[in-house]
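**Student:**
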RNA sequence: UCACGAGUAGCUCAUUUGGAAGAGCAUCGAGUUGAUAACUCGACGGUAGCCGGUUCAAAUCCGGUCUCGUCAACCA
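In this note's numbering, the protein residues as written are 1169 to 2130.
1. Please confirm if the stretch 1756 to 1764 is in contact with the stretch 1342 to 1349, defined as three or more CB-CB distances below 8 angstroms between the two stretches.
2. Using the C-alpha atoms, what's the distance from residue 1401 back to residue 1408?
3. Which residues in the same chain as residue 1173 place their Cβ atom closer than 7 angstroms to its Cβ, once the five residues preceding and following it in sequence are excluded?
4. DSSP three-state label for residue 1796, please.
5. Less than 8 angstroms between the C-beta atoms of residue 1763 and residue 1801, yes or no?
6. With DSSP run on the structure shown, which of helix, strand or coil describes residue 1994?
7. Hey, would you say residue 1369 sits closer than 8 angstroms to residue 1613, going by beta carbons?
8. State the Cα-Cα distance for the pair residue 1973 and residue 1656, rounded to the nearest angstrom.
9. Reducing DSSP to helix, strand and coil, say where residue 1666 ends up.
10. First and last residue of the beta strand (DSSP E) that includes residue 1603?
11. In the DSSP assignment, what are the bridge partners of residue 1426?
12. Would residue 1832 be called buried (16 or more neighbouring beta carbons within 10 Å of its own) or exposed?
13. Quick one: residues in its chain with C-beta nearer than 7 angstroms to the C-beta of residue 1469, no 5 flanking neighbours on either side, listed in chain order?
14. For residue 1586, does the three-state DSSP call read helix, strand or coil?
15. Would you call the stretch 1897 to 1905 and the stretch 1965 to 1985 in contact, with 3 or more CB pairs under 8 angstroms?
16. Between which two residues does the beta strand (DSSP E) harbouring residue 2005 extend?
17. Within the chosen definition, does the stretch 1633 to 1651 reach the stretch 1583 to 1592 through at least 3 CB pairs nearer than 8 angstroms?
18. Counting C-beta neighbours from all protein chains within 10 Å, is the total for residue 1615 16 or more, i.e. buried, or is it exposed?
19. Using the C-alpha atoms, what's the distance from residue 1284 back to residue 1291?
20. What does DSSP give as the partner residues of residue 1970 in its beta bridges?
21. Expressed to the nearest angstrom, what Euclidean distance is found between the alpha-carbon atoms of residue 1775 and residue 1670?
22. Quick one, which of 1733, 1691, 1727 and 1416 has its alpha-carbon nearest residue 1716's?
23. Quick check on the burial criterion: 16 or more other C-beta atoms within 10 angstroms. Buried or exposed for residue 2111?
24. Where does the unbroken alpha helix (DSSP H) through residue 1406 begin, and where does it stop?
25. So, helix, strand or coil for residue 1655, using DSSP?
26. Would you call residue 1597 buried or exposed, if buried means 16 or more other Cβ atoms sit within 10 Å of its Cβ?
27. In the DSSP assignment, find the beta strand (DSSP E) that holds residue 1532 and state where it starts and stops.
28. What is the residue span of the beta strand (DSSP E) that residue 1373 lies within?
29. Alpha carbons only, please: which of 2084, 1998 and 1840 is nearest the one belonging to residue 1190?
30. Any contact between the stretch 1921 to 1935 and the stretch 1842 to 1853? By contact I mean 3 or more CB pairs, one from each, below 8 angstroms.
31. To which residues does DSSP link residue 1689 through a beta bridge?
32. When you compare only the Cα positions, how much space is there between residue 1374 and residue 1573?
33. Which of the three DSSP states, helix, strand or coil, is assigned to residue 2113?
34. Helix, strand or coil: which one does DSSP assign to residue 1671?
35. What's the gap between the Cα of residue 2002 and the Cα of residue 2050?
36. Contact check, residue 2084 vs residue 2123 under 8 angstroms by CB: the rounded distance?
Right, dumping it as structure tokens:
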């Protein structure tokens, strides 16, 4: 008889883990199945039906609309995942969280792309034959289908990201009902007296022929020509007098005022020269010419121009120079501005004149600069802008400049000044300069008639300006997460200018203003509301297809006290009016979403919104646009809290370039949505976030760790029926291993739900990962393996363990559901064995409340010490922990309250004994003892049994052997 | 230049009000082969950007400085 054949094969008698839950996630395929399953069951709608039963009520969260153009990118990935974590975590914690996704559909990026396409395909020629309105409608059609196409593409990608939202009924800023509500907000602002039309210099794109908002500018380096120019004084004696020169002291040469500018093309539009009254100015003879500049800059300027002889003849203060009259070096006729002729071409005072650059005398073109405009306004100098929308001069400039593009004019102007002897010095230099975010071309400052929302005009309602209201609410009305957002917002509100809300394009919501036969524009609250009604019914195309009279069908001029007299009295009829040509700034549209989406859809109850969540750039964009619009309209902010996240940068901390890196589609394919979501949950999103392919791999690794841990838990619940086989949680003794692990689970529940509530998803991720990796995989699961495998299937100890495992798997699925929404659902269905089950309809379980003995704190410490001792004993040849026994110190008698088998299993050794009078664990070599052929333990009870095998008492009992 | 933020182990980040510098990953070494494209144990690794101050005690508070990022402004 050979031993090998006689010995029973105990492996078959061991309860080895078994599960359908695979190690390989195969997310690419399985996530697609999950999406189908959730769609089929109508998950979003089901949750809304549960809504009124939710214990914590409604949490109103509002999606900021991404632009409906192109594929989603990494920035969207982070933004949309964070938003989904909010929606799903609030849901799983007992709130009802309706969530309407939105898209920003109007605007230049789409129109620009469409126009480019029309030019390339040659279709543009046909359009040019149409009249203005028809052409615009045709372009708008193209834009609309373009926006629809990308909205659908992005919606699909967002769903592929497993985000939960009302994709059946999203909001699009081009929907008629949305447009109507935007106009209602505009009407509110008119009511408050905040909307006005004015000639004002604005950032102007010459490529796209439109005004641009701050948010539509990008800064690039640009080489420009800077020139020092002498403006000849009109009355030499007057100037010399101001410098205190008398009689013979006065030079024969006529004096000039030296100005410096980096935009020579604005010189034909010069209206004044500004000085600062507090500085000292010098009359200087430079290489034979007499000129004036700030004393403090004489050396710098003449050095730069390599002047050979420099002599200061006299000095005076800036204040004394105010009123000096001069001649334009470029033109003889006074520019035809909208102000008095006698104000043009004299020296004025301005605080913003500094001695950092230039000459201390500032060329002022009221139609081409914000400061210049303000100065002109104060001094009563007219605004003059001889530049047309396409960037060329009109006919009011000297003949040699007419029709020329301003950027070409730069060098020509300099040449001309050189020839006439007015150019003192010129040089090229690099500086960053604003550019059109779409065309990437440089922008200019150009005075145009625009519609504005005034931030420094008092509202009729509370007699406070929007700036005051915004500052107040920023200070105390809105919660900022993280807190520094408040400072950012405050800084931006302090310095923001009036809001230019008009654009001269086709693809947008028309501003419902009208022009009288006299040429005057007007727009009143009643006009806006009348048009809003039409737009709500027919869409904003109606503006282009309908006549003024029809658009104003709901307008009663006689009762509109704000209307011009001629309209109110019926002298001018709606039929006589011409429609305005401007459309609204898209930021005004998205900035009205709180009204067009949240108030409109909820009948008012979802306003103000609990939370807005966007990237930190939106302090200038959507956050601010929404705040200003809502304060004007409602007098309160549209949101109670603002959560901001940083931007994606590459692994060197540099700005992410759009062309490099992985596309979303590649990422889905390689990693799957759950891994991407897991990665997002690991981010310290309040700062800038580094992205690299390696980081996704890392997220994949830790995802697999969590997945495998859950898999192992599930695999030990094979055949376990929690109803039938589970033990009551109340019956779990505080000294049992299960009491310990369930108390750890309770702690995890607290930590995770707290973190979710504070939007600390990283904390959630770390806590769950550590629980799986440490509490479960390394400690608890390692300890209970023996009893799960080797105890009698039905033993109370094994059933108690399985009860804990079930509780763990159940709760982990729920805690993870907001982040790993596919995997958590997969695990939950595997756990319950019910393929129709869905974890997303459930909430986090209440804590088990199991009481745990204090001895467990001592036990985990003892375990650490024991493992170190075991490591040391490897040198003595005890390499397998089951070959060892350990005597643990137990001075306080705490460990004595516990089961020594539990302690042994915690360290994976065969036996633990306790000793109150030792300090450090002692390892015993048990290799002489017989080894149980089933459990491989050397626990001292192993002997030959009736089947001929060497078994411990426990294993013999499990097999029904003596 | 302005505002806001960030500099802690090779990498990603914790260290909540000042109280013995901690994880994970990576690297290296070992165990296990009944979670096996899995699991366990251990080791290595830091002058907390730099300088100064307050304090019994500073990653933490204060002042200065350097670097990086975002936003804005570089205008005349």
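Note that the Cβ used here is the ideal one computed from N, Cα and C, for glycine as well.
Since the structure is predicted, the reported quantities are computational estimates derived from the model, not experimental observations.
**Tutor:** Concretely, from the data shown:
1. yes
2. 10 angstroms
3. At residue 1173, the pLDDT of 47 sits below 50, so the modelled position is not reliable; the number obtained from the coordinates is stated separately. Contacts found: none.
4. helix
5. yes
6. helix
7. yes
8. 48 angstroms
9. coil
10. 1591 to 1604
11. 1398
12. buried
13. 1396, 1461 and 1527
14. helix
15. yes
16. Segment: none, residue 2005 is in no beta strand (DSSP E) and carries neither H nor E.
17. no
18. buried
19. 10 angstroms
20. Per DSSP, none; premise fails for residue 1970.
21. 27 angstroms
22. 1691
23. exposed
24. 1404 to 1410
25. helix
26. exposed
27. 1530 to 1532
28. 1363 to 1373
29. 1998
30. yes
31. 1683
32. 10 angstroms
33. coil
34. strand
35. 39 angstroms
36. Going by Cβ atoms, the distance from residue 2084 to residue 2123 rounds to 31 angstroms, so no, they are not a contact pair.
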